[in-house]
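Reading through the structure tokens given below for one structure.
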Amino acid sequence: MYSIAFQYLGILTFLYFVIKLLFKLVEGGRLYIFSTYPDFSKYGKWSVVTGSSTGLGKATALQLASRGQNIVLMSNEEEELRKVASEIESKHNVQTKCLTIDFSHDEEIYDEIADFLQGLDIGTLVNNVGIAQGLYRFLDIPNLSTFIRNIIRINAVSVVKMTQIVLPGMVERKRGLILNLSSMAAVKPVSHIIMYCATKTFVNYFSQGLSYEYESKGIKVHSCMPSMIRSNLTKFLPRHKEYVSTEAFIKSWLATVDKTRWAHGYIPHAIQGWITKMIPADLYQILYEKRVNKALAKKTE
């Protein structure tokens, strides 16, 4: 009797994983293979992109501009912002506005940002600005107190405060799209980048909760959890050929943003995320630690 029960249990478990796999394949096809870009103009005329002087922010701004969006560029690098603005205007014949702002400063900067954005029909907000740490254990991080303050202000507080500024207008117009850059580091905590993991987990949970609260009001909120991308944020890590370029990643990711509350943005990253979730946390940490040690060994060579 027990053997028959175990057989049925085994069959049901097998069917559960088969159905789950099929669901993932269908969802992956919908997001990444048979993908279509949203009509960003239905949300509004302007897109705001933080951290848009280089890397993912710049690539996002260029892609949104190529789809007819006017772009507000924000970064602490004034000269680079103006270069990006000039490139956008010459390539895509849209308007740009630049605001040089340092998101590591205290909350007074958001009064300046709110005044700067006043009166704009902002349809899309991209909370991209972020910093990462090198591969350090918590107490070994250089200038630890300053780093703690900066990473929380830049990676987490900026997302909340920019949302606070832009969301009321979206609610009033009953349309809007908020795109928040989280990370694969939010899937499972790992050593040597714990502050980055913590802030990106906050971004992911805040995004999905906000989506539940405001979806009925016409606002779509999306959290993106990518893996490794060739950008300034990963410059402290050894380069690998499997790292995707910012341009290729953004083209893939922007096709997913109005279809789901969260995504990894790129199909190899989605596969990696699925595997990561299946691996027990302690085993994942062991595997990650080996990769960290290899990276640290190369750094000292």
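In UniProt numbering, the protein residues as written are 1 to 301.
Cβ coordinates follow ideal geometry from the N, Cα and C atoms, glycine included.
Computed from a prediction, not measured in an experiment: that's the story for all the values here.
Cross-strand partners of residue i (DSSP beta bridge)
i	result
Met-74	Thr-50, Leu-99
Arg-67	Answer is none; Arg-67 lacks a bridge partner.
Ile-229	Val-244
Gly-176	Ile-219
Leu-125	Val-48, Ile-178
Trp-262	Ser-223
Unbroken alpha helix (DSSP H) run spanning residue i, endpoints
i	result
Ser-158	158–173
His-269	267–278
residue 302	The displayed coordinates of the chain run from 1 to 301. Any statement about residue 302 would go beyond what the structure contains.
Ala-114	109–117
Among the options, the one whose alpha carbon lies nearest that of residue i
i	options	result
Gly-273	Ser-183, Thr-96, Val-94, Lys-290	Ser-183
Leu-31	Arg-175, Lys-220, Ser-252	Ser-252
Glu-80	Pro-268, Tyr-37, Val-257, Leu-99	Leu-99
Asn-204	Ser-227, Asn-180, Glu-213	Asn-180
Ser-231	Val-244, His-222, Met-278	Val-244
Glu-89	Leu-73, Phe-103, Ser-104	Leu-73
Arg-261	Ser-223, Lys-161, Phe-138	Ser-223
Ala-270	Pro-280, Thr-256, Ala-281	Thr-256
Lys-188	Arg-173, Ile-286, Ile-148, Phe-103	Ile-286
Gly-55	Asp-121, Tyr-37, Met-228	Met-228
Ile-152	Lys-200, Gln-164, Ala-186, Leu-139	Lys-200
Lys-277	Tyr-196, Glu-107, Ala-186	Ala-186
Met-162	Ile-122, Pro-280, Ile-275	Ile-122
Asn-93	Arg-82, Asp-111, Arg-67	Arg-67
Phe-147	Tyr-196, Asp-111, Ile-279, Val-126	Tyr-196
Beta-carbon gap between residue i and residue j smaller than 9 Å
i	j	result
Gly-44	Thr-124	yes
Asn-143	Thr-50	no
Ala-61	Ser-47	yes
Val-84	Ser-35	no
Phe-202	Asn-150	no
Ile-109	Ser-75	no
Val-171	Gly-218	yes
Gln-63	Leu-283	no
Ala-65	Lys-91	yes
Tyr-37	Val-190	no
Ile-33	Ile-267	yes
CA-to-CA distance, residue j to residue i, given in whole angstroms
i	j	result
Phe-249	Ser-211	23 Å
Ile-71	Gln-95	6 Å
Pro-168	Ser-207	16 Å
Thr-246	Ser-158	22 Å
Gln-69	Lys-220	17 Å
Ile-113	Ile-194	30 Å
Met-225	Gly-176	21 Å
Met-134	Ala-59	A small fix is needed here, since residue 134 is Gly in this sequence, not Met. About 24 Å.
Ile-131	Leu-12	45 Å
Phe-116	Val-292	42 Å
Glu-87	Gly-265	25 Å
Phe-103	Val-160	12 Å
Ile-165	Ala-263	25 Å
Glu-215	Asp-140	42 Å
Lys-290	Lys-174	49 Å
Ile-178	Asp-258	10 Å
residue 306	Glu-78	Because the chain spans 1 through 301 in this model, residue 306 falls outside it and cannot be assessed.
residue 302	Glu-213	Within the shown structure, residues of the chain are numbered from 1 to 301, placing residue 302 beyond reach of any answer.
Ile-279	Arg-137	23 Å
Gly-209	Ala-198	17 Å
His-192	Ser-145	16 Å
Asp-111	Val-126	19 Å
Ala-281	Ala-295	21 Å
Residue range of the beta strand (DSSP E) that includes residue i
i	result
Lys-220	219–224
Val-203	Segment 194–214 is the alpha helix (DSSP H) holding Val-203; no beta strand (DSSP E) there.
Proximity test, residue i beta-carbon vs the ligand NAD heavy atom, cut-off 8 Å
i	result
Val-292	For the structure depicted, the ligand NAD is absent and the ligand set is empty, with no information on it obtainable.
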